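Residue numbers (UniProt numbering): 1 to 187.
Shown next, in structure tokens, is the structure this report addresses.
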């Protein structure tokens, strides 16, 4: 399903009761990921929760935009509040994963009236520290993988197949070590 938020089409899914149930609103990571790896949260609907997952602007099935000025934490907070209101979710249990955790914390500071609770999983509260740690983890990769990442990042070639293979090495070493990956993670 889609909802229009600030003139943009945002994709979302809703599981469980539409009205009268406490709502868990899931925030994916990235920025740039999709809601797909949060799909196991659908199981909460068996316990009487409504679960709403969405793809942020420019991610997954939501509208793509080329304006980098639209991608700030403040604007993500504003769009999140607009989404909560547009879907008439009331006060929500906000669950943020990775960057979604940072977004959840920022949202809580600006819109506490929209919350029942906040949960972060693998979230970050300090972007410079998280960025430094990502760089440290990259340096643990095999030299040829690191060289591939650095080459394509310097050229902003984030869709190049060679780059994506190197990212896959990083993810399998530092993000999800299960083999095979669970279906919701293989988006």
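Where is the CB? At the ideal position from N, CA and C, for every residue including glycine.
None of these values were measured; they are calculated from a predicted model.
### Message
Determine, for residue 141, whether the minimum Cβ-Cβ distance to residues of chain D falls below 8 angstroms.
### Response
Annotation note: the requested chain D is absent from the structure, which comprises a single protein chain.
### Query
Taking buried to mean at least 16 other C-beta atoms within 10 Å of its own C-beta, is residue 72 buried or exposed?
By the 10 Å Cβ count, residue 72 comes out exposed.
### Message
Cutting at 7 angstroms between CB atoms, please list the residues of its own chain near residue 174, excluding the five before and the five after it.
### Response
Closer than 7 angstroms at the Cβ level, and outside the excluded window around residue 174, lie 137.
### Collapsed DSSP secondary structure at residue 26 in the structure displayed
strand
### For residue 27 and residue 96, believed in contact at Cβ under 8 angstroms, the rounded distance
4 angstroms
### Message
I believe residue 84 touches residue 25 by the beta-carbon criterion, under 8 angstroms. Please report the beta-carbon distance rounded to the nearest angstrom.
### Response
7 angstroms
### Identified DSSP bridge partners for residue 117
Partner(s): 93.
### Task
With a threshold of 16 other CB atoms inside 10 Å of the CB of residue 125, please say whether the residue is buried or exposed.
exposed
### Query
With a cut-off of 8 angstroms, do at least 3 Cβ pairs link the stretch 58–75 to the stretch 29–36?
yes
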